[in-house]
Each structure stands twice: as structure tokens, then as C-alpha cells.
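What follows is a short report on a single structure.
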Amino acid sequence: MHETRTADLNPTTEEGRALWVSTLAFTVCFAVWTIFSIIGVRIKDELGLTETEFGLLVGTPILTGSLSRIFLGIWTDRYGGRLVFTLVMLATSIATVLLAFAHTYAQVLAAALGVGLAGGSFAVGVAYVSRFYPQQRQGTALGIFGVGNVGAAVTKFAAPFVLLAWGWQAVALVWAGALALMAIAFYVSTIDDPVLIERRRTGAPAKPMLLELSALRDLRVWRFAYYYFFVFGAFVALALWLPRYLIGVYGFDIATAGMIGALYSIPASIFRAYGGVLSDRIGARSVMYWSLGVSAVATLILSLPPTSYVMRGIKGDIASHFEIGVMAFIVAAFVLGFFMSLGKAAVFKHIASYYPNNVGAVGGLVGMIGGLGGFILPIAFGALNDLTGLWSSCFMLLFAIVVVALVWMDVSVRRTKQPQTESSPRNVVVAAE
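Set out below in C-alpha cells:
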């Protein structure tokens, strides 16, 4: 029975190969997408950037990757993920090569816009992979695909050593070459999705663009998008920001900061597959409650700034100091990353279940809003550093965001007398929640 349930994950089958090759391609794309988390630190020093300018630099690729998702998702529904995914990787590879030859802040920002296309690959992969699997297996399949977020950890582990040996330009060239090779391997080893093949066979026209976008009028789509703004957008923001944070707070060198930052990125990536399995088994709503609730506690702890104070005791003043040490920070960041990964999978389990015929458009919009979090938040982190002078201000902001998400979700659930009747057919909602 177990073998039957997992047969479609076997890489020797067409659907299994589409899933695993797409996951590998997304991993490479994500590694390129977060490249500024490492090389941005060196560029900041070379160009003498402020904290706010640094936040804009690391967030610029995220902007392109976010805004492109809705269009790439729709194009995937119309033209197929195999073609669109390949073209996205090739275009991003060219932009990453151009980055290596940028010399001014304006030139680096312009190249970063092109590098950001790598982030749009997520919407392509979600729409492509979901078409190979039935609804009851989509949580698991999309959870496995989302493990490609681990590309952020790949960059944090490997890029510092390439940077220290040959410079940040070499990192850009090596990552560009890897992406170009991945594009070729992806196109050669995968096939078009079953929906596209059937449409070609029957000669049926593609769904009109306005019909693709019709589901976006549903308020629930925007609520899911806000969840994703935190569980994914904040993940990307922290993946970009943590090396700079660790250098500033704990005085690490760039290699050590990159490796410690990876301890956050890895659980926030690889456990996404487990989040997909849990969403299939116990419901995406339950997973979201756990994800947002524990994240609120973790961000509250991390938001506490180092504090020294003096108490007037019976026999004189008593000095005290509070500060989150390195090990406590690593543990809290690991927990935060783990529960964020569960939430990312749960959001897209909802989408695949509620909107099975609009996964590209809805997933693209939700992915876009989530990605915008990865663009806006690093800039906000830098601005908060400049305004407050507190390193932990970034976690204060994240705490406020996740509390709003948790309250919004709870209010929406309580307004529904029965969880199964949230504006969808009963069989669809049961599968999601």
C-alpha cells in the first residue's frame, strides 16, 4: 500500500522526473536569487553603501522575482512549464553574467533586476508540477518542490569561499554557468505537462486571460497571500539579511556568518516537504495555526534587544544585563525556520485545493505578494536600523506582521460556523483543511 502511494514520486516515472528535476532546477534558481546575501556584503563595503542602500540592493532581485510571478504563472498555464521554466533560467543566467561586469551602484541595481527573474521560477514550477498529481497528492508534491528554497543555504555555504578565493564577480559567473547548465538539463530530461499535451491533442484553446484572473476577486486569495507574505517573504528577507545581522551583532567574519545563516535557511527549506505531507494528513488550516503561533513566539524572543539596567536594592544598586547569546539565537532561528517551512507548504495546499483550475494565476499572485515581502522587508530592516539603532528591530517588525496574520486567520475561521463551508464545495475544502 505504501509503495502504491509513493509510486508517483519515483524519478523513473514521468511525473516523478518532472517533480525531482523541477525541484533541482528551483534549488539552483533560488541559489542565484539570494546571491546578494553574500556578495552584497562585499559590494556594500566596496561602494560605501548605507544600511538602507544595502537593504535596497539585496531586495531588488526579490522585487523582479515577485512581480514576475503572476505573469509567469499565467504563461505556464498557457504555454507549459517546460518551455517557460527553461527560458526563465536562460534569461536569468545572462543577467547574472552582466552583474559580474557592473561597477557602479546603479549598474549593480540594474543587473539585480534581471537576476530577480530566478525567483519567478517558483510560480512556474508550482503550476507545472501540480498538473502531474491528483489533488490528494498535491500537498506532498508541492512540498517537495518547495524544498528548492534550500538554494539559499547552498549560496550561504559555498559563495563565501568562492568570494574569498576569487572575488564576488567570480561568484556571479559560477552561479550563472550553473544556471545555464541546469536550463539545458531541465529541458532535455522533462516532458510537457498532461494538461498541455491534452490541449494540443484536442486543439482546445487556452483559457482566456481574464478568466485566469477571475479567481483573484476572492478575498480569501488575498488572505492566503498575506500568510505567504510572512512565511515566505520573511524567510527570503531573513535569508538575505542574516549574514549582515550576524556580522553586525556578533562580529563574525563573512564565512562564519554565512554558515550560521544557513542553519536558519536549511530547516526553512527542507522541512517544507514535511509541511506538505502534514497538510495532506491533518489539514492545511491546522498546520497554519501551528506555523503562525510558534513563529509569533520565536520572533518575540528574537526581538528582545540587549538590555542593561540597574535596580536599587536594599544594600545598594544591583546591575543586570540581558542579551540573546549565539546559541540561543541559533536555536530560536532554527525553530522559526522550521515552522515557516510548514506554513509555506500549507498555503499552497490551500491554493491547489480551492483553485485547482487556476493554480498558475492564484499561485502566481500569492507567490508575488510573498516575494514582495522579500523585497520590502530587507529595505524596512535597513531603515529601522538607521532609525532606531537597534539590530533586533527587524524581528520586532516580523512579530507585528505574524500577529496580524494569526488574528486575521482566527477571526476568519470563527466567522464560519462549520470549517467545511468557507465559500467552497465541501469535498474541496475538506481536502484543504
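FYI, the numbering for the sequence shown is 29 to 461, going by the working numbering. Note that beta-carbon positions come from the ideal geometry of N, C-alpha and C, so glycine has one too. Since this is a predicted model, take the numbers as computed values, not measurements.
**OP:** Spatial neighbours of E31 within its chain, please: CB distance less than 6 Å, with the 5 preceding and 5 following residues excluded, ordered by chain position.
**Re:** Here residue 31 refers to the residue found at position 3 when the sequence shown is read from its first residue. Bear in mind that the predicted position of E31 carries a pLDDT of just 45, short of 50, making it too unreliable to give a figure here.
**OP:** Would you mind giving the Cβ-Cβ distance between V178 and S319, rounded to the nearest angstrom? I have them listed as a contact below 8 Å.
**Re:** Here residue 178 refers to the residue found at position 150 when the sequence shown is read from its first residue. Here residue 319 refers to the residue found at position 291 when the sequence shown is read from its first residue. Not confirmed; about 18 Å, so no contact.
Original post:
Cα-Cα, which of I66, A265, F427 and Q164 is closest to V190?
Top reply: Reading the sequence shown from its first residue, position 162 is the one you call residue 190. Answer by Cα proximity: I66.
**OP:** Would you mind reading off the limits of the alpha helix (DSSP H) that contains A285?
**Re:** Here residue 285 refers to the residue found at position 257 of the sequence shown. Taken as a continuous stretch (DSSP letters only), the alpha helix (DSSP H) holding A285 covers I282 to S293.
**OP:** Tell me where the alpha helix (DSSP H) around S310 begins and ends.
**Re:** The count along the sequence shown starts at 1 and reaches residue 310 at position 282. For the record, residue 310 in the displayed sequence is Ile; it is not Ser. Note, I310: alpha helix (DSSP H), R300 to I310.
**OP:** Assign I407 to one of two classes, buried (16 or more other C-beta atoms within 10 Å of its C-beta) or exposed (fewer than that).
**Re:** The sequence position of residue 407 within the sequence shown is 379, counting from 1. With 16 or more Cβ atoms within 10 Å of its Cβ, I407 is classed as buried.
Original post:
Hey, L100 and G392: beta-carbon distance below 8 Å or not?
Top reply: As a first step, residue 100 must be located in the sequence shown, where it is residue number 72. As a first step, residue 392 must be located in the sequence shown, where it is residue number 364. Contact: yes.
Subject >> Beta-carbon proximity check, V375 vs Y256, cutoff 8 Å >> reply: Working through the sequence shown from its first residue, we reach residue 375 at position 347. Working through the sequence shown from its first residue, we reach residue 256 at position 228. The answer is yes: Cβ separation under 8 Å.
Original post:
Between the Cα of M396 and the Cα atoms of A267, G76 and L91, which residue gives the shortest distance?
Top reply: Indexing the sequence shown from 1 puts residue 396 at position 368. Ranking A267, G76 and L91 by Cα distance to M396 puts L91 first.
**OP:** List the DSSP bridge partners of S336.
**Re:** To locate residue 336, count along the sequence shown from 1; it is residue 308. In DSSP, S336 forms a bridge with H349.
**OP:** Quick one: using the 10 Å Cβ neighbour count with 16 as the cut-off for buried, is W203 buried or exposed?
**Re:** Here residue 203 is taken as the residue at index 175 of the sequence shown, counted from 1. The residue is buried, with at least 16 neighbouring Cβ atoms inside 10 Å.
Original post:
With burial defined as no fewer than 16 other Cβ atoms inside 10 Å of the residue's Cβ, what is the status of E461: buried or exposed?
Top reply: Taking the sequence shown and counting its residues from 1, one reaches residue 461 at position 433. Residue placement at E461 cannot be trusted, given a pLDDT of 44 that sits under 50; the coordinates are not used to answer.
Subject >> Neighbourhood of F350 by C-beta distance below 6 Å, restricted to the same chain and skipping five residues each side >> reply: Here the question's residue 350 lines up with position 322 in the sequence shown. So the qualifying residues of the chain are T335.
Original post:
Helix or strand or just coil, what does DSSP make of G108?
Top reply: Walking along the sequence shown from the start, residue 108 turns up at place 80. G108: coil per DSSP, three-state reduction.
Subject >> Between the CA atoms of G83 and P162 - distance to the nearest angstrom >> reply: Stepping through the sequence shown from its first residue, residue 162 is reached at position 134. Stepping through the sequence shown from its first residue, residue 83 is reached at position 55. Spanning the two alpha carbons is a distance of roughly 41 Å.
Original post:
Count the other CB atoms within 10 Å of the CB of L209; is the residue buried (16 or more) or exposed (fewer)?
Top reply: Walking along the sequence shown from the start, residue 209 turns up at place 181. Exposed is the call here.
Subject >> G365 (DSSP reduced to helix, strand or coil) >> reply: One-based indexing of the sequence shown puts residue 365 at position 337. Of the three classes helix, strand and coil, the one that applies to G365 here is helix, per DSSP.
Subject >> Cross-strand partners of G341 (DSSP beta bridge) >> reply: The count along the sequence shown starts at 1 and reaches residue 341 at position 313. Answer by DSSP bridge pairing, in chain order: G344.
Original post:
The alpha helix (DSSP H) with V199 in it runs from where to where?
Top reply: Start at 1 with the first residue of the sequence shown, and residue 199 comes out as number 171. It spans W196 to S217 - the alpha helix (DSSP H) in which V199 sits, taken as one unbroken run.
Subject >> Cα-Cα separation between F366 and D345, rounded to whole angstroms >> reply: Residue numbering aside, residue 366 sits at position 338 when the sequence shown is read from its first letter. Residue numbering aside, residue 345 sits at position 317 when the sequence shown is read from its first letter. Straight-line Cα distance between these residues: approximately 42 Å.
**OP:** Indicate the three-state DSSP secondary structure (helix, strand or coil) for L77 in the structure shown.
**Re:** On the sequence shown, residue 77 is found 49 positions in, with the first residue counted as 1. It is coil, neither helix nor strand.
**OP:** Could you spell out the range, first to last residue, of the alpha helix (DSSP H) harbouring W269?
**Re:** Residue 269 sits at position 241 when you count from the first residue of the sequence shown. Note, W269: alpha helix (DSSP H), F263 to Y278.
Subject >> Where N455 falls, given that 16 or more other Cβ within 10 Å makes a residue buried >> reply: Taking the first residue of the sequence shown as 1, we reach residue 455 at position 427. Caution is warranted here: a pLDDT of 41 is assigned to N455, below 50, making its placement in the model unreliable, and no coordinate value can be reported.
Subject >> Anticipated Cβ contact below 8 Å, Q164 with S158, distance rounded >> reply: For this step, residue 164 is matched to residue 136 along the sequence shown. For this step, residue 158 is matched to residue 130 along the sequence shown. Rounded, the Cβ-Cβ distance is 12 Å, inconsistent with contact.
Original post:
Which residue comes first and which comes last in the alpha helix (DSSP H) that contains W61?
Top reply: The sequence position of residue 61 within the sequence shown is 33, counting from 1. Start and end: E42 to W61.
Original post:
Is the region 119-134 touching the region 41-52, taking contact as three or more C-beta pairs under 8 Å?
Top reply: no
Subject >> Anticipated Cβ contact below 8 Å, V86 with F54, distance rounded >> reply: Taking the first residue of the sequence shown as 1, we reach residue 86 at position 58. Taking the first residue of the sequence shown as 1, we reach residue 54 at position 26. So it is not a contact: roughly 20 Å between Cβ atoms.
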